[in-house]
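A.B. asks: Once you've had a glance at the structure underneath, I'll fire off some questions.
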Amino acid sequence: EDQVTQSPEALRLQEGESSSLNCSYTVSGLRGLFWYRQDPGKGPEFLFTLYSAGEEKEKERLKATLTKKESFLHITAPKPEDSATYLCAVQFPYGGATNKLIFGTGTLLAVQP
Amino acid sequence: DVKVTQSSRYLVKRTGEKVFLECVQDMDHENMFWYRQDPGLGLRLIYFSYDVKMKEKGDIPEGYSVSREKKERFSLILESASTNQTSMYLCASRPSVVYKPGNTIYFGEGSWLTVV
Numbered sequence: 077e078d079q080v081t082q083s084p085e086a087l088r089l090q091e092g093e094s095s096s097l098n099c100s101y102t103v104s105g106l107r108g109l110f111w112y113r114q115d116p117g118k119g120p121e122f123l124f125t126l127y128s129a130g131e132e133k134e135k136e137r138l139k140a141t142l143t144k145k146e147s148f149l150h151i152t153a154p155k156p157e158d159s160a161t162y163l164c165a166v167q168f169p170y171g172g173a174t175n176k177l178i179f180g181t182g183t184l185l186a187v188q189p
Numbered sequence: 499d500v501k502v503t504q505s506s507r508y509l510v511k512r513t514g515e516k517v518f519l520e521c522v523q524d525m526d527h528e529n530m531f532w533y534r535q536d537p538g539l540g541l542r543l544i545y546f547s548y549d550v551k552m553k554e555k556g557d558i559p560e561g562y563s564v565s566r567e568k569k570e571r572f573s574l575i576l577e578s579a580s581t582n583q584t585s586m587y588l589c590a591s592r593p594s595v596v597y598k599p600g601n602t603i604y605f606g607e608g609s610w611l612t613v614v
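Respectively, the protein sequence lines represent chains A and B. Just so we're aligned, residue 77 is where the first sequence starts under our numbering, counting upward by one. Just so we're aligned, residue 499 is where the second sequence starts under our numbering, counting upward by one.
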């Protein structure tokens, strides 16, 4: 069964303490991996798309990388405003117009001042 | 910027009521989706539509139906609400050319539904 697994489920960091979130997937034929940020009570906000192994994307303190089996979201010198749930989603080439996205359950990040 | 607007942020309905959740997108996207999000279960796809009047079931369609009469509008219908449908509902849209860089799914702010 195709699966997307995120770890850790929750992460508490001190302001300035860099770390990484992991998203692993068990399927071949990946058609894209997406990272989203979700604040409490709001919809997910798009961050990055990665399409092939070796690809990297950066935005402010965030950097996303992709290998053949997993993706990492690196957070450098985080600030309290980076606190949120980070979701990973993988797009598989199922038939028709679906191109289904499968989401992980997210990593809840808390950055303390 | 893409905007996906869900008409109701918070609703409280009684068991057995018919519930309509409305969603409108302003970017002329072909694909629209309805997800529900529950703690520990993540986002699960209920239904999606790839064109006007076209729909396909997602992973958890039971107890739900959808309507897409216009390209910009996608409605989720709970025919007879039950307490296990208490959840956050997220509408999303995406262009049909999925492999173009930047063409991802864009979400609305969510609708919190409580069924009592």
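We put the CB at the ideal spot given by N, CA and C, even for glycine. Being a predicted model, the structure only gives us computed values, none of them experimental.
Counting only C-beta atoms, is Leu541/B closer than 7 Å to chain A at any point?
C.D. replies: Yes, contact with chain A.
A.B. asks: Could you give the uninterrupted runs of the beta strand (DSSP E) lying entirely in the segment 525-552 of chain B, keeping only those of 3 residues or more?
C.D. replies: Within the segment 525-552 of chain B, the complete beta strand (DSSP E) runs of at least 3 residues are 529-536, 540-549.
A.B. asks: What do you get for Gly182/A, buried or exposed, if any count of 16 or more other CB atoms within 10 angstroms of its CB means buried?
C.D. replies: When all chains shown are included, Gly182/A counts as buried.
A.B. asks: Mind pulling the chain A residues with CB within less than 7 Å of Phe605/B?
C.D. replies: Going along chain A in sequence order, the residues near Phe605/B (Cβ under 7 Å) are Gly119, Pro120.
A.B. asks: Report the three-state DSSP secondary structure of Gln583/B (helix, strand or coil).
C.D. replies: Looking at Gln583/B - three-state DSSP - the assignment turns out to be helix.
A.B. asks: Residues of the segment 139-171 of chain A in Cβ contact with chain B at a cutoff of 9 Å, in chain order, please.
C.D. replies: Of all residues in the segment 139-171 of chain A, Leu163, Ala165, Gln167 have a Cβ within less than 9 Å of some Cβ in chain B.
A.B. asks: What are the uninterrupted segments assigned as beta strand (DSSP E) that are 3 or more residues long and contained completely in the segment 111-149 of chain A, given in chain order?
C.D. replies: Counting whole runs of 3 or more residues, the segment 111-149 of chain A contains the beta strand (DSSP E) stretches 121-126, 132-135, 138-142.
A.B. asks: Nearest to Leu97/A by alpha carbon, out of Gly105/A, Gln188/A, Tyr162/A?
C.D. replies: Looking at the Cα atoms, Tyr162/A is the closest of the given residues.
A.B. asks: Could you check what DSSP says for Glu554/B in three-state terms: helix, strand or coil?
C.D. replies: Residue state, collapsed to three classes: strand.
A.B. asks: For chain A, is any of its Cβ atoms less than 7 Å away from the one on Thr602/B?
C.D. replies: True, the Cβ-Cβ gap to chain A drops below 7 Å.
A.B. asks: If we count the other Cβ atoms within 10 Å of its Cβ and call it buried at 16 or more, is Pro116/A buried or exposed?
C.D. replies: Classification of Pro116/A: exposed, given that the 10 Å Cβ count is below 16.
A.B. asks: Given this structure, state the Cα-to-Cα distance separating Ala173/A from Glu91/A, to the nearest angstrom.
C.D. replies: Because Ala173/A carries a pLDDT of 48, less than 50, the predicted location of this residue cannot be relied on, and the following value inherits that uncertainty. In a straight line, the C-alpha of Ala173/A is about 43 Å away from that of Glu91/A.
A.B. asks: What residue from Met530/B, Ile558/B, Ser585/B has the CA that sits closest to Arg542/B's CA?
C.D. replies: Taking only the C-alpha atoms, the option nearest Arg542/B is Ile558/B.
A.B. asks: Pull up the distance between the alpha-carbon of Ser94/A and that of Thr125/A, whole angstroms please.
C.D. replies: Roughly 22 Å separates the two Cα atoms.
A.B. asks: What residues from the segment 177-188 of chain A come within 8 Å of chain E, judged by C-beta to C-beta, listed N to C?
C.D. replies: Among the protein chains in the structure shown, which are A and B, there is no chain E.
A.B. asks: Using a C-beta to C-beta distance shorter than 8 Å, which residues of chain A count as neighbours of Leu588/B?
C.D. replies: What Leu588/B touches in chain A: Gly119, Pro120.
A.B. asks: Taking buried to mean at least 16 other C-beta atoms within 10 Å of its own C-beta, is Ser591/B buried or exposed?
C.D. replies: Buried, because 16 or more other Cβ atoms sit within 10 Å of the Cβ of Ser591/B.
A.B. asks: Would you decide whether Val613/B is buried or exposed? Buried here means 16 or more other CB atoms lie within 10 Å of its CB.
C.D. replies: Flag for Val613/B reads buried.
A.B. asks: Within 10 angstroms of the Cβ of Arg507/B, are there 16 or more other Cβ atoms? Answer buried if so, exposed if not.
C.D. replies: Looking at its Cβ environment, which holds fewer than 16 other Cβ atoms inside 10 Å, Arg507/B is exposed.
A.B. asks: With a Cβ-Cβ cutoff of 7 Å, do Glu520/B and Ser563/B count as a contact?
C.D. replies: Cβ atoms of Glu520/B and Ser563/B: not closer than 7 Å.
A.B. asks: How would you call Gln523/B, buried or exposed, if buried means at least 16 neighbouring beta carbons within 10 angstroms?
C.D. replies: The residue in question, Gln523/B, is buried, as its Cβ has 16 or more Cβ neighbours within 10 Å.
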